[in-house]
Structures are given as structure tokens and as C-alpha cells.
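Take a look at the structure below.
There are 2 protein chains.
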Amino acid sequence: MKHFSEISATAERVVDAAESLIQERGYNGFSYDDVAKLVGIKKPSIHHHFATKGELAAVVAQRYTHRFKESLLQIEGHHVKAQDRLTAYADLFEKTFSTNKHLCVCGMLGAESSSLPDLVNHEVERFFDVNVDWLTHIAQDGQRAGQLLSVLSPEGIAETYLSILEGAMIVGRGMQKGTGPSHVASHFLKALTIA
Amino acid sequence: MKHFSEISATAERVVDAAESLIQERGYNGFSYDDVAKLVGIKKPSIHHHFATKGELAAVVAQRYTHRFKESLLQIEGHHVKAQDRLTAYADLFEKTFSTNKHLCVCGMLGAESSSLPDLVNHEVERFFDVNVDWLTHIAQDGQRAGQLLSVLSPEGIAETYLSILEGAMIVGRGMQKGTGPSHVASHFLKALTIA
DNA sequence: GTCTATATCTTGATAGAC
DNA sequence: GTCTATCAAGATATAGAC
């Protein structure tokens with residue numbers, strides 16, 4: 001498949017538009033014409049850059065995961081304590097959500113997975129694997145350093161924390177008084193922190 | 001709007017089919033024809049029972065919330081300890097998810113909320129309000145009885161627990177080795193339980 | 001690389017017979 | 001209540017000129 005780093009400037013604007021539309025309406029909620037209008041070109045020109053909708057969505061997810069990995073590295077470079085790292089991680093989701101209640105690209109696509117091409121589902125799975133692995137690693141370090149309670153396994157912390165963040169965005173969309181991913185995640189972090 | 005308790009036997013089968021389709025593919029992922037095929041009648045007959053797709057989805061969510069409330073009452077009648085009640089609550093989500101990775105109706109609709117009629121969004125919001133209120137009440141009782149740690153507020157426990165369950169279904173769909181809502185929720189419960 | 005034009009299909013919804 | 005027939009709109013995708 002195409003790699004996001006090898007595409008033209010226009011194709012990148014197509015990916016930008018598609019990413020935003022997926023975060024707002026989901027894969028089944030946007031069309032090539034929506035993308036075309038956002039980019040300012042005609043529908044068939046989108047097909048020139050991405051032959052199928054599935055391929056376009058796959059590249060969106062691919063780039064999204066890549067950028068996430070960059071952010072994870074940055075967090076490790078800027079923070080040492082597990083709590084600070086996990087808080088900064090939650091801020092990634094909060095920043096996304098604060099833009100018009102945008103969802104995580106792969107949270108949205110994960111929900112829609114049963115009607116997605118395999119190509120897309122594969123990229124979504126990679127995103128979740130990357131995140132669970134990183135969170136597990138961070139939790140393990142934090143426990144070894146005596147910063148996090150060891151009542152849960154590192155894997156347990158990882159899957160719980162990720163689920164909270166993805167879920168809080170859904171719930172926050174569904175209800176008016178939803179408080180957002182960062183706030184909800186802070187509850188869990190509090191329960192895991194040594195007094 | 002129509003109330004689910006006042007509809008005919010055929011209309012109920014329509015709601016059954018629509019519910020299942022929403023849980024599998026979402027609002028934007030199914031059509032009147034899909035419903036018609038599941039029920040075994042033709043597309044215009046669906047319109048006879050529900051004039052618009054929005055109305056159909058709203059009744060699905062309305063009935064779903066009603067049944068959820070019945071389950072919540074049952075849980076209160078069958079379990080006394082907060083942990084047992086919260087575990088039984090998680091089992092509701094687990095049971096849904098164990099059917100072909102079906103999502104919570106209102107979790108799916110919540111994710112899609114930006115492309116849904118107001119009528120539907122209103123019902124989805126009611127679902128979340130009902131759940132957060134009930135969980136808050138259960139957590140409060142559990143803390144007063146000394147069964148749950150008081151490091152988090154009852155409201156904090158409620159929004160965290162609901163987010164975990166909704167999120168775990170999304171994540172469980174997106175990755176192969178996802179462990180399901182019940183398992184993930186048990187981690188959080190463990191962290192909240194007095195040793 | 002972008003365009004006009006078009007093919008083909010599916011969508012939600014309506015009209016009107018039975 | 002269900003059907004056949006149909007509509008107008010929108011979907012993904014392709015052909016071919018510029």
C-alpha cells in the first residue's frame with residue numbers, strides 16, 4: 001500500500017480532509033465529494049490520488065498512528081514520572097476532543113470495523129497494538145520505580161487506561177455534561193497513585 | 001414521538017432488526033432495505049411502521065434504555081454489595097459484546113452523533129444520563145457501606161466505569177487480542193476495592 | 001494533475017393498487 | 001399492512017479530454 005510519507009502535497013491535503021471527516025462523522029458518514037469540497041478540487045481528482053475510499057482511510061489511519069508514535073517518544077523525552085507521562089498521554093486525546101468533539105480516528109474506525117475493508121482494519125489494529133504496548137511499558141517502569149500502585153498488572157493498567165480514553169470521548173459526545181477524556185482519565189490515575 | 005410499547009408485533013420485529021444492525025454497523029452503516037430483508041418484508045412496508053430512519057433509530061434507543069433500566073432494577077434486587085452490583089452491570093455489556101462483538105446501541109450512536117437527527121441524539125443522551133446517575137448512586141452506597149475506597153468521588157467512579165465499558169467494546173473490536181468489557185472493568189473494580 | 005461527463009448502484013422516501 | 005413501481009438524490013468509481 002501507499003505510504004503517507006511518499007504522497008504529493010495535494011494528496012496530503014486530501015488526507016487532512018479525510019482525517020477530519022472521519023473524526024467527525026466516521027467512515028460511513030463522509031463521501032468523496034465531501035473531501036473534494038474541503039480540498040477545493042473535484043471528486044474525480046480525489047480518485048486520482050486514492051483509487052478507493054478504503055485506501056484513503058487506510059492512509060489516514062497509517063499517518064495517524066505514525067504521528068501518535070512521535071508524540072509518545074516526545075512524552076518519554078519530556079517527562080520522567082509515570083503519572084506525568086500518563087497525564088501527557090491523556091492530553092493527546094483531550095487535544096483531539098477539544099476540536100469540535102473530534103474522536104480518535106481509530107476509535108471511530110474501530111467502532112465501524114464490521115463495515116470496513118480489511119486494509120483499514122489492519123491499520124486500526126496496529127494503532128491499538130502500539131498504544132497498548134507503550135502504555136504497558138510505561139506502567140511497568142512506573143511500578144518498578146514505586147510511582148504506581150502494583151494492585152494491577154502493567155497490561156491491566158494499559159488496557160484500562162486506553163479504554164477509558166476512547167470511551168470518555170464517546171460518552172462525552174453522547175451527553176451534554178460529559179467531562180472529556182483528560183478529566184475521566186485523571187480519576188483512574190488518582191486511584192493508581194501512591195498517596 | 002411513538003413509544004416502543006405501543007407498536008405492533010411487526011413493528012417490534014423491525015425494531016429488533018434495526019437494533020441489531022445499529023449494534024453491528026452503526027446508523028450510517030445500514031439501510032431500510034437491510035432491515036426489510038431481516039424482517040422478511042419489503043422496504044416500503046418499513047416506512048409504513050416508521051416514516052423516517054431517524055424515528056426508527058430513536059425508538060431503538062428508547063427501548064434499549066428502557067430495558068437497561070429494567071436490568072438495573074434487577075441488579076439492585078439480586079445483589080447488595082457494590083462490587084457485585086458493578087460486576088453484574090459490566091456483565092450487561094459483556095453479554096452484548098459476546099454476540100458477534102455487538103456494541104452498545106448508544107455507544108455506537110454516540111460516536112456517530114454529529115450525523116444523527118436531534119430526535120436520536122436526545123434518546124442517546126437519556127441513556128447516558130440514566131447510567132451515570134445509577135452508577136453514581138451505587139458508588140455512593142458502596143462507599144458509605146465501606147465497600148469501596150473513597151479516593152474517588154461517586155461521580156468520578158460513575159463516569160470512569162461507564163467510559164471503561166464503552167471504550168473496552170471499541171478497543172475490543174479494533175484489536176484481535178482485545179479482552180472485552182467485563183475483563184477490563186474488573187481491573188478498575190480491583191483498584192477500588194478495599195484489600 | 002485536474003477536469004467534464006457518465007456509468008452504475010444504493011439510498012431514503014412517496015404514490016397508489018390490493 | 002403489504003405490495004409494485006417510481007422518484008430524486010447521492011454514492012463510488014471510470015473514461016477520456018485538456
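The listed protein sequences correspond, in order, to chains D and S. Take UniProt numbering: the final residue in the first sequence is number 195, and no numbers are missing along the way. Take UniProt numbering: the final residue in the second sequence is number 195, and no numbers are missing along the way. Every residue, glycine too, gets a C-beta built ideally from N, C-alpha and C. Since the model is a prediction, treat every value here as computed from it, not as a measurement.
task: For Glu24 (chain D), return the contacting residues in chain S, with the cut-off set at a CB-CB distance below 9 Å.
output: Walking along the first sequence from the start, residue 24 (chain D) turns up at place 24. Under the 9 Å cutoff, chain S gives Ser114 and Ser115.
- prompt: What residue ranges within the region 65 to 149 of chain S form continuous alpha helix (DSSP H) runs of no fewer than 4 residues, ordered along the chain?
  reply: 82 to 97, 105 to 111 and 118 to 144
message: Can you pull the chain S neighbours of His187 (chain D), defined as C-beta to C-beta under 7 Å?
response: Counting from 1 along the first sequence, the entry for residue 187 (chain D) is found at position 187. Per Cβ cutoff of 7 Å: Leu152, Gly156 and Thr160.
task: Please check if any C-beta of chain D sits within less than 7 Å of the C-beta of Arg173 (chain S).
output: As a first step, residue 173 (chain S) is located in the second sequence; it is residue number 173 there, counting from the start. Interface residue, yes.
task: Tell me whether Thr160 (chain S) sits in a helix, a strand or coil according to DSSP, three-state version.
output: For the purposes of this step, residue 160 (chain S) is taken as residue 160 along the second sequence, with counting starting at 1. Three-state DSSP puts Thr160 (chain S) in a helix.
task: Within the same chain, show all residues whose beta-carbon is closer than 6 Å to that of His49 (chain D), passing over the 5 residues directly before and after it, in chain order.
output: If you number the first sequence from 1, residue 49 (chain D) lands on position 49. So the qualifying residues of the chain are Ala11 and Val14.
message: Quick check: the Cα distance between Ala61 (chain D) and Cys106 (chain D), rounded to an integer number of angstroms?
response: Here the question's residue 61 (chain D) lines up with position 61 in the first sequence. Here the question's residue 106 (chain D) lines up with position 106 in the first sequence. Near 7 Å, if we compare the C-alpha coordinates of Cys106 (chain D) and Ala61 (chain D).
task: Taking only the alpha-carbon atoms, compute the straight-line gap between Gln176 (chain S) and Asn100 (chain S) and give it to the nearest angstrom.
output: Residue numbering aside, residue 176 (chain S) sits at position 176 when the second sequence is read from its first letter. Residue numbering aside, residue 100 (chain S) sits at position 100 when the second sequence is read from its first letter. Rounded to the nearest angstrom, the two C-alpha atoms are 13 Å apart.
field: Contact list for the region 1 to 13 of chain S against chain D, Cβ threshold 8 Å
entry: none
field: Proximity below 7 Å, CB of Ala151 (chain D) to CB of Ala191 (chain S)
entry: For this step, residue 151 (chain D) is matched to residue 151 along the first sequence. For this step, residue 191 (chain S) is matched to residue 191 along the second sequence. It should be noted that the sequence gives Val, not Ala, for residue 151 (chain D). Closer than 7 Å, so yes.
- request: Using a threshold of 7 Å, state whether the C-beta atoms of Ala90 (chain D) and Ala185 (chain D) are closer than that.
  value: Counting from 1 along the first sequence, the entry for residue 90 (chain D) is found at position 90. Counting from 1 along the first sequence, the entry for residue 185 (chain D) is found at position 185. Against a cut-off of 7 Å, the Cβ pair of Ala185 (chain D) and Ala90 (chain D) comes out as a contact.
- prompt: In chain order, what residues of the same chain lie with their CB nearer than 7 Å to the CB of Leu72 (chain S), ignoring the 5 residues before and after it?
  reply: Translated into positions along the second sequence, residue 72 (chain S) becomes position 72. Correct list, in chain order: Trp134.
- prompt: Do you know how far the Cα of Phe4 (chain D) is from the Cα of Asp141 (chain D)?
  reply: In the first sequence, residue 141 (chain D) corresponds to position 141, counting from 1. In the first sequence, residue 4 (chain D) corresponds to position 4, counting from 1. So the alpha carbons of these two residues sit roughly 32 Å apart.
Any C-beta of chain D under 7 Å from that of Gly40 (chain S): Translated into the one-based positions of the second sequence, residue 40 (chain S) becomes position 40. No, its Cβ sits nowhere closer than 7 Å to a Cβ of chain D.
field: Cutoff 7 Å; reference Leu86 (chain S); Cβ partners in own chain excluding five residues on either side
entry: Locating residue 86 (chain S) in the second sequence gives position 86, where the first residue counts as 1. Answer for Leu86 (chain S): Ile138, Tyr161 and Leu189, listed in chain order.
- request: With a 10 Å radius around its C-beta and 16 neighbouring C-beta atoms as the bar for buried, classify Ala111 (chain S) as buried or exposed.
  value: In the second sequence, counting from the first residue as 1, residue 111 (chain S) sits at position 111. With 16 or more Cβ atoms within 10 Å of its Cβ, Ala111 (chain S) is classed as buried.
task: Determine the closest residue to Ser113 (chain S) out of D:Arg25, D:Ser113 and D:Val80, with distance taken between C-alpha atoms.
output: Position 113 of the second sequence, counted from the first residue, corresponds to residue 113 (chain S). Ranking D:Arg25, D:Ser113 and D:Val80 by Cα distance to Ser113 (chain S) puts D:Arg25 first.
- prompt: Which two residues bound the contiguous alpha helix (DSSP H) that contains Ile46 (chain D)?
  reply: Residue mapping note: residue 46 (chain D) aligns to position 46 of the first sequence, counting from 1. Ile46 (chain D) -> alpha helix (DSSP H) spans Lys43 to His49.
message: Just to confirm before moving on: does the CB-CB distance between Ser182 (chain D) and Ile164 (chain S) stay below 7 Å?
response: Working through the first sequence from its first residue, we reach residue 182 (chain D) at position 182. Working through the second sequence from its first residue, we reach residue 164 (chain S) at position 164. The answer is no: Cβ separation not under 7 Å.
message: Just to confirm before moving on: does the CB-CB distance between Ala180 (chain S) and Leu119 (chain S) stay below 7 Å?
response: Position 180 of the second sequence, counted from the first residue, corresponds to residue 180 (chain S). Position 119 of the second sequence, counted from the first residue, corresponds to residue 119 (chain S). Per the sequence shown, residue 180 (chain S) should be read as Gly rather than Ala. Result no, Cβ atoms of Gly180 (chain S) and Leu119 (chain S) do not sit closer than 7 Å.
- prompt: By the 10 Å Cβ neighbour count, where 16 or more other Cβ atoms means buried, how is Glu6 (chain S) classified, buried or exposed?
  reply: Here residue 6 (chain S) refers to the residue found at position 6 of the second sequence. Classification of Glu6 (chain S): exposed, given that the 10 Å Cβ count is below 16.
message: Are the CB atoms of Gln23 (chain S) and Leu103 (chain S) within a distance shorter than 7 Å?
response: On the second sequence, position 103 is the one that residue 103 (chain S) refers to. On the second sequence, position 23 is the one that residue 23 (chain S) refers to. In this structure, Gln23 (chain S) lies closer than 7 Å to Leu103 (chain S) by Cβ.
message: If I follow the unbroken alpha helix (DSSP H) through Leu21 (chain S), where does it start and stop?
response: Taking the first residue of the second sequence as 1, we reach residue 21 (chain S) at position 21. Looking at the DSSP string, the run of the alpha helix (DSSP H) that includes Leu21 (chain S) is Ala9 to Arg25.
message: Nearest by alpha-carbon distance to Val171 (chain S): which of D:Asn121, D:Pro117, D:Ala18 and D:Asp34 is it?
response: Sequence index remark: in the second sequence, residue 171 (chain S) carries index 171 (1-based). It is D:Asn121 whose Cα lies nearest to the Cα of Val171 (chain S).
query: Smallest Cα separation from Glu76 (chain D): which of D:Ala88, D:Arg67 and D:His66?
result: Looking up residue 76 (chain D) in the first sequence gives position 76. Checking every option, the nearest Cα to that of Glu76 (chain D) belongs to D:Ala88.
query: Is it right to say Gln74 (chain S) is buried, meaning 16 or more other beta carbons lie within 10 angstroms of its own, or is it exposed?
result: In the second sequence, residue 74 (chain S) corresponds to position 74, counting from 1. Classification for Gln74 (chain S): exposed.
task: Measure the beta-carbon distance from Val35 (chain D) to Ala17 (chain D) and round it to whole angstroms, keeping in mind my assumption that it falls under 8 Å.
output: Within the first sequence, residue 35 (chain D) is the residue found at index 35, counting from 1. Within the first sequence, residue 17 (chain D) is the residue found at index 17, counting from 1. The pair is a contact, with the Cβ atoms about 5 Å apart (cut-off 8 Å).
- request: Could you tell me which residues DSSP pairs with Thr193 (chain S) in its beta bridges?
  value: For the purposes of this step, residue 193 (chain S) is identified with residue 193 of the second sequence, where counting begins at 1. S:Leu148.
field: Val130 (chain D) versus Glu94 (chain S) - alpha carbon distance
entry: Locating residue 130 (chain D) in the first sequence gives position 130, counting from the first residue. Locating residue 94 (chain S) in the second sequence gives position 94, counting from the first residue. If you take the alpha carbons of Val130 (chain D) and Glu94 (chain S), they lie about 25 Å apart.
message: Run through chain D and tell me which residues come within less than 7 Å of Thr179 (chain S), C-beta to C-beta.
response: The sequence position of residue 179 (chain S) within the second sequence is 179, counting from 1. Near Thr179 (chain S) (Cβ distances below 7 Å), the residues of chain D are Glu159.
Pairwise C-alpha distance: Val80 (chain D) and His47 (chain D): For the purposes of this step, residue 47 (chain D) is taken as the residue at position 47 of the first sequence. For the purposes of this step, residue 80 (chain D) is taken as the residue at position 80 of the first sequence. Approximately 45 Å, taken between the alpha carbons.
message: Judging by CA-CA distance, which residue of S:Lys42, S:Leu56 and S:Pro154 is the nearest neighbour of Tyr27 (chain S)?
response: As a first step, residue 27 (chain S) must be located in the second sequence, where it is residue number 27. For Tyr27 (chain S), the nearest C-alpha among the options comes from S:Leu56.
- prompt: Using DSSP with H/G/I as helix, E/B as strand and the rest coil, what is Lys53 (chain D)?
  reply: What you label residue 53 (chain D) is simply residue 53 of the first sequence in a count that begins at 1. Helix at Lys53 (chain D).
- prompt: Can you tell me the Cα-Cα spacing of Arg173 (chain S) and Leu21 (chain S), whole angstroms?
  reply: Residue mapping note: residue 173 (chain S) aligns to position 173 of the second sequence, counting from 1. Residue mapping note: residue 21 (chain S) aligns to position 21 of the second sequence, counting from 1. Cα to Cα, Arg173 (chain S) sits roughly 15 Å from Leu21 (chain S).
task: Check each candidate in S:Gly178, S:Leu116, S:Ile194 and S:Asp33 and name the one with the smallest Cα separation from Gly29 (chain D).
output: Within the first sequence, residue 29 (chain D) is the residue found at index 29, counting from 1. The candidate whose alpha carbon is nearest that of Gly29 (chain D) is S:Leu116.
query: Using a beta-carbon distance below 7 Å, is Glu125 (chain D) in contact with chain S?
result: Residue 125 (chain D) sits at position 125 when you count from the first residue of the first sequence. Chain S, which has a Cβ nearer than 7 Å to the Cβ of Glu125 (chain D), makes this yes.
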